[in-house]
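Residues in the sequence shown are numbered from 5 upward in steps of one, following this note's numbering. Backbone N, C-alpha and C fix where the C-beta goes; we use that ideal spot for every residue, glycine too. A quick note: this is a predicted structure, and the numbers were derived from the prediction, not measured. See structure below.
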Amino acid sequence: MTVYTLRAATPADLDAFSRVIRTAFNVPGDPDPTDTIRTVIDPARYTLAELDGQIVGTAGVFTRDLTVPGAVIPAAHVTGVSVAATHTRKGLLRRMMTGQLTGVPEAVAVLWASEGRIYQRFGYGLASQNVTLRADRREVAIRGTAGTGTGTLRAAVPSEARKELSEVYDRALAGRPGWSSRDETWWTHLTSDPEKRREGHTATRAVLYSDQSGIVQGYTQYRIKNDWDDNGPKGEVNVVELVAVTPDAAAALWRFLLGVDLTRSVVKGLSGVDEEIFHLVEEPRRLGGKVGDGLWVRIVDLPRALTSRKYAAPVDVVLEVTDALLPANAGRWRLRAGAGGALVNCSPTDAPADLTCDVTELGAAYLGGTKLGALAATGRVQEHRPGAVAATSTAFGWHVTPSSIEIF
Ligand SMILES: CC(C)(COP(=O)(O)OP(=O)(O)OC[C@H]1O[C@@H](n2cnc3c(N)ncnc32)[C@H](O)[C@@H]1OP(=O)(O)O)[C@@H](O)C(=O)NCCC(=O)NCCS
5 MTVYTLRAAT PADLDAFSRV IRTAFNVPGD PDPTDTIRTV IDPARYTLAE LDGQIVGTAG
65 VFTRDLTVPG AVIPAAHVTG VSVAATHTRK GLLRRMMTGQ LTGVPEAVAV LWASEGRIYQ
125 RFGYGLASQN VTLRADRREV AIRGTAGTGT GTLRAAVPSE ARKELSEVYD RALAGRPGWS
185 SRDETWWTHL TSDPEKRREG HTATRAVLYS DQSGIVQGYT QYRIKNDWDD NGPKGEVNVV
245 ELVAVTPDAA AALWRFLLGV DLTRSVVKGL SGVDEEIFHL VEEPRRLGGK VGDGLWVRIV
305 DLPRALTSRK YAAPVDVVLE VTDALLPANA GRWRLRAGAG GALVNCSPTD APADLTCDVT
365 ELGAAYLGGT KLGALAATGR VQEHRPGAVA ATSTAFGWHV TPSSIEIF
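See the structure below:
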């Protein structure tokens with residue numbers, strides 16, 4: 005009988021488990037010892053599946069904070085999930101996921117899925133949507149005079165401007181559900197820009213926007229794919245990220261990106277449905293937005309997770325929750341939040357349920373984007389007290405739609 009064992013990785017396993025991940029994701033080449041990804045990997049947070057001393061499965065976690073409605077909380081950032089093709093569909097992922105979710109100290113886990121169909125069975129709910137924009141830049145113009153004020157733009161090399169970029173990012177972070185904290189090591193990794201990852205683009209460039217007092221209020225990182233044909237230039241601006249703390253910064257940076265000479269299109273993945281540009285332009289349809297799945301959230305410790313975020317309106321509701329993987333979450337919970345989302349309490353109760361759902365639905369609604377009302381319309385949330393869906397869905401919502409700025 006084939007006996008697989010699970011164990012935590014050690015630093016000595018890094019090359020071997022990186023190879024398993026690269027092979028499963030069809031990435032050509034061997035692990036590169038100079039790759040900065042190694043500086044953010046914590047091997048102790050990787051579960052490895054082995055057969056006869058060979059690593060055949062991996063599931064890792066990055067230790068980072070996640071912005072949720074009204075708070076920034078520790079969240080297990082699940083990553084590096086792979087099973088060698090010769091050992092798939094034998095239950096290894098299920099074993100690793102169960103072990104991981106049972107063991108993580110964080111109250112929530114979050115991930116990007118290579119394929120959406122994999123993770124709902126483990127209680128992950130679709131919490132944010134990811135929009136990719138592909139605009140013909142001559143078809144979209146910024147309305148009126150937004151972004152033409154007294155601020156100034158300055159070009160920089162991202163790795164050299166790391167400190168300024170991180171200061172802007174940290175000021176924006178608390179207000180952006182779905183974004184993840186970045187310490188210095190992460191910033192070094194994210195701005196490392198090795199040639200092999202450019203895929204025909206220029207090096208990543210940064211542009212910083214300062215207001216009239218000289219305070220940096222926003223930045224963008226972008227690269228350009230140079231292209232020409234018989235009719236002339238048709239380059240593409242590929243926006244890596246745009247972070248603005250003020251409306252002027254957002255408008256000025258977008259104006260810049262839409263105006264780069266010798267380019268015809270502007271492409272930006274990892275956008276939210278609330279992206280500033282939708283409300284800045286005259287013709288939003290021409291942004292060519294395409295919606296896909298973004299972050300998947302798993303509630304690991306239900307009472308701790310539900311009391312760690314704020315609510316958009318007062319709520320007092322009894323939730324009957326099922327959770328096949330983590331039985332401690334299952335049962336009836338009374339959730340109470342006061343005005344302004346404060347005074348949150350979540351405790352077990354024998355009172356009759358107002359709503360019934362699986363933990364998957366609470367994960368989906370956790371960041372304030374996916375509406376419990378929408379899930380109720382598909383039968384994934386059941387209402388037992390008239391008005392409970394509307395009130396609870398409103399309370400779980402948030403004034404900023406969650407987005408994610410980075411795939412981890
Ligand atoms: C995805 C992957 C990790 C699955 O590993 P696995 O060991 O074959 O998964 P398991 O055997 O534990 O399957 C668990 C369940 O998920 C289902 N499942 C697993 N992978 C699936 C996939 N890609 N599509 C659809 N269903 C999948 C299985 O059918 C099984 O369903 P069940 O519990 O209802 O019977 C593996 O196929 C892989 O490494 N793929 C390439 C890399 C990748 O996509 N990783 C995920 C990164 S987010």
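State the beta-bridge partners of residue i as determined by DSSP.
{"i": "Asn242", "result": "Arg227, Val271"}
{"i": "Lys294", "result": "Thr136"}
{"i": "Ile303", "result": "Val112"}
{"i": "Gly129", "result": "Val301"}
{"i": "Pro78", "result": "Asp69"}
{"i": "Gly33", "result": "Paired residues: none, contrary to the question."}
{"i": "Glu498", "result": "In the structure as shown, the chain starts at 5 and stops at 412, and residue 498 therefore has no counterpart that could be examined."}
{"i": "Val211", "result": "Ala159, Thr224"}
{"i": "Trp232", "result": "Pro237"}
{"i": "Pro352", "result": "Trp337"}
{"i": "Ile59", "result": "Glu54"}
{"i": "Leu10", "result": "Ala53"}
Residue i: which of the options sits nearest, CA to CA?
{"i": "Lys294", "options": "Val319, Ser397, Leu137", "result": "Leu137"}
{"i": "Pro15", "options": "Leu52, Val393, Asp354", "result": "Leu52"}
{"i": "Leu246", "options": "Lys238, Glu240, Ala255", "result": "Ala255"}
{"i": "Leu212", "options": "Glu199, Thr206, Val241, Tyr226", "result": "Tyr226"}
{"i": "Gly239", "options": "Leu310, Arg201, Asp140", "result": "Asp140"}
{"i": "Asp252", "options": "Gly204, Thr154, Asp305, Thr62", "result": "Thr154"}
{"i": "Ala328", "options": "Val304, Leu371, Arg308", "result": "Val304"}
{"i": "Leu306", "options": "Thr152, Val404, Ala113", "result": "Ala113"}
{"i": "Ala89", "options": "Ala117, Val172, Gly367, Arg23", "result": "Arg23"}
{"i": "Tyr223", "options": "Ile59, Val172, Gly179", "result": "Val172"}
{"i": "Arg313", "options": "Trp402, Ser269, Ala380", "result": "Trp402"}
{"i": "Arg26", "options": "Phe66, Arg121, Val87", "result": "Val87"}
{"i": "Tyr315", "options": "Ala117, Arg289, Trp232, Ala346", "result": "Ala346"}
{"i": "Ile59", "options": "Leu96, Pro37, Val65, Thr67", "result": "Leu96"}
{"i": "Arg308", "options": "Phe66, Gly61, Ala75, Asp19", "result": "Ala75"}
{"i": "Pro37", "options": "Asp234, Ile77, Leu18", "result": "Leu18"}
{"i": "Val65", "options": "Leu257, Asp320, Ile45, Ile409", "result": "Ile45"}
{"i": "Ala248", "options": "Lys200, Pro237, Ser170", "result": "Ser170"}
Kindly indicate which three-state DSSP category residue i falls into: helix, strand or coil?
{"i": "Trp116", "result": "strand"}
{"i": "Asp252", "result": "helix"}
{"i": "Leu313", "result": "Checking the sequence shown, residue 313 turns out to be Arg, not Leu. Three-state result, Arg313: coil."}
{"i": "Ala176", "result": "helix"}
{"i": "Asn333", "result": "helix"}
{"i": "Gln216", "result": "coil"}
{"i": "Ile41", "result": "helix"}
{"i": "Trp258", "result": "helix"}
{"i": "Leu323", "result": "strand"}
{"i": "Arg458", "result": "Summary: the structure shown does not reach residue 458, with the chain confined to residues 5 through 412, and so no result is reported for it."}
{"i": "Gly64", "result": "strand"}
{"i": "Ile122", "result": "helix"}
{"i": "Val159", "result": "The sequence given here has Ala at residue 159, not Val. Strand."}
{"i": "Glu365", "result": "helix"}
{"i": "Arg26", "result": "helix"}
{"i": "Ile411", "result": "coil"}
{"i": "Arg202", "result": "coil"}
{"i": "Glu387", "result": "strand"}
{"i": "Ala378", "result": "helix"}
Examine ligand 1 and report whether any of its heavy atoms sits within less than 7 Å of the Cβ of residue i.
{"i": "Phe1", "result": "Only positions 5 to 412 of the chain appear in the structure, and residue 1 is not among them; the question remains open."}
{"i": "Ile122", "result": "yes"}
{"i": "Ala328", "result": "no"}
{"i": "Glu119", "result": "yes"}
{"i": "Gly95", "result": "yes"}
{"i": "Val85", "result": "yes"}
{"i": "Arg158", "result": "no"}
{"i": "Leu55", "result": "no"}
{"i": "Leu115", "result": "yes"}
{"i": "Thr92", "result": "yes"}
{"i": "Arg23", "result": "no"}
{"i": "Arg98", "result": "yes"}
{"i": "Arg125", "result": "yes"}
Could you check how far apart the C-beta atoms of residue i and residue j are, in whole angstroms? I think they sit under 8 Å.
{"i": "Pro352", "j": "Arg336", "result": "7 Å"}
{"i": "Gly276", "j": "Pro406", "result": "7 Å"}
{"i": "Gly84", "j": "Ala63", "result": "7 Å"}
{"i": "Leu261", "j": "Val285", "result": "Not a contact, Cβ separation roughly 12 Å."}
{"i": "Arg166", "j": "Trp191", "result": "5 Å"}
{"i": "Gly127", "j": "Thr364", "result": "5 Å"}
{"i": "Asn349", "j": "Arg340", "result": "5 Å"}
{"i": "Asp354", "j": "Ala392", "result": "The pair is not a contact, with the Cβ atoms about 17 Å apart (cut-off 8 Å)."}
{"i": "Phe29", "j": "Tyr50", "result": "So it is not a contact: roughly 15 Å between Cβ atoms."}
{"i": "Gly298", "j": "Ser132", "result": "4 Å"}
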